[in-house]
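Undergrad:
Residue numbers (my numbering): 128 to 281.
#1: For the candidate residues 165, 255, 192, 266, whose alpha-carbon lies nearest to that of residue 229?
#2: Let's see if you can read the secondary structure: which residues bound the beta strand (DSSP E) around residue 233?
#3: Check whether the stretch 205-212 touches the stretch 235-243, taking contact to mean three or more Cβ pairs, one atom from each stretch, closer than 8 angstroms.
#4: Counting pairs of beta carbons, one from the stretch 213-224 and one from the stretch 166-186, are three or more of them closer than 8 angstroms?
#5: Check each candidate in 168, 155, 154, 160 and name the one with the smallest Cα separation from residue 143.
#6: What does the Cβ neighbour count give for residue 249, buried or exposed, with the cut at 16 atoms within 10 Å?
#7: For residue 268, which beta-bridge partners are listed by DSSP?
#8: Just to confirm the assignment, what range does the alpha helix (DSSP H) spanning residue 245 have?
#9: Considering residue 175, what are the terminal residues of the alpha helix (DSSP H) in which it resides?
#10: DSSP beta-bridge partners for residue 205?
#11: Can you tell me which of the three DSSP states residue 274 falls into?
Set out below in structure tokens:
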């Protein structure tokens, strides 16, 4: 984040181009740099730089999608949070073993009695159980607790 001379976060001044870029991204966060460049009449390099500056300055925190309240997810059948206690503080090692799983929706290192929380969404409870079993057998996992998602409220 940008800082002033005293080391405090400084407020980023948004130009008209910045505001147009933000508006386009708010409409569709998957727009390409080329699409934004064409829509704003600014070079791709400038668009990329302005997005990077806005990310570093905290204006853009993440790129996301907005889903309907009751999305038609025909394949989604089972979701869970997995709470892991590790033998050693090596969350990075466990994450590297699962980061390519398409079912992985989130993974956090946390402080406290647990070391990691993992969120999975699978096509079936059988798939959920299979992934859970893989994690249970990971050499760094001491304990694993499964919290099945019944309903997502937000």
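For glycine and all other residues, C-beta sits at the position ideal for the given N, C-alpha and C.
TA: Taking the structure as given:
#1: Closest option to residue 229, Cα to Cα, is 255.
#2: Its beta strand (DSSP E) spans residues 231-236.
#3: Judged by Cβ distances under 8 angstroms, the stretch 205-212 makes contact with the stretch 235-243, as three or more pairs qualify.
#4: The stretch 213-224, when compared against the stretch 166-186, does not touch it at the 8 angstroms Cβ threshold.
#5: When 168, 155, 154, 160 are compared, the shortest CA-CA separation from residue 143 is found for 168.
#6: Under this definition residue 249 is a buried residue.
#7: Its beta-bridge partners are 213.
#8: It is not in any alpha helix (DSSP H) - residue 245 instead sits in the beta strand (DSSP E) that spans 243-249.
#9: Start and end: 171-183.
#10: For residue 205, DSSP records a beta bridge to 249.
#11: Here residue 274 sits in strand by DSSP.
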